[in-house]
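All letters in the sequence shown, in the order written, are residues 1 to 101 by UniProt numbering.
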Amino acid sequence: MSSTKFICIICSEPLTYKNMYSITCGHVFHIDCIKNWIFQKNYCPKCWKNAVLNDIRQIFLDEVSPGYSGNVQSKSESNTIKVALKSFNNVLRLIGIRIKI
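Structure representation (structure tokens):
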């Protein structure tokens with residue numbers, strides 16, 4: 001992923017993509033940090049909203065390779081598809097079938 005670092009505000013240590021836990025307000029911590037915090041205090045250490053142990057949820061993030069473009073087509077792929085569709089439409093027109101793109 002990007003070089004962005006996520007920090008647990010309780011212990012000031014980096015969070016990893018496999019060790020991120022959130023409470024209902026959306027703030028993210030290490031599991032041990034937030035459990036211990038909520039056990040002693042019933043609020044978020046960042047925004048002070050009420051929180052209980054049952055509010056803790058693991059965050060699941062997928063790490064992707066640099067340069068990953070997902071489902072986005074490159075310009076050349078897109079142009080190739082447009083040319084193929086135009087050609088196919090011309091063939092259909094020649095045999096008397098019309099389609100709308």
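Backbone N, C-alpha and C fix where the C-beta goes; we use that ideal spot for every residue, glycine too.
Give the DSSP bridge partners of residue i, in chain order.
i	result
TYR43	ASN50
SER76	Beta-bridge pairing links SER76 to no other residue.
Whole angstroms is fine: what's the gap from residue i's alpha carbon to residue j's?
i	j	result
ASN19	TYR43	20 Å
LEU94	ALA84	15 Å
GLU77	SER87	15 Å
residue 102	CYS8	Lying outside 1 to 101, the shown extent of the chain, residue 102 is not represented and no answer is given.
ILE59	TRP37	18 Å
ILE54	PHE29	The amino acid occupying residue 54 in the given sequence is Asn; Ile does not appear at that position. ASN54 and PHE29: Cα-Cα distance of roughly 15 Å.
CYS47	ILE34	13 Å
PRO45	TYR17	21 Å
Residue i: which of the options sits nearest, CA to CA?
i	options	result
ARG57	CYS47, LYS5, ASP32	ASP32
GLY26	ILE81, LYS49, LYS82, GLN40	LYS49
GLN40	TYR17, ILE10, ASN79, LYS82	ILE10
LEU15	LEU61, ALA51, PRO45, VAL52	LEU61
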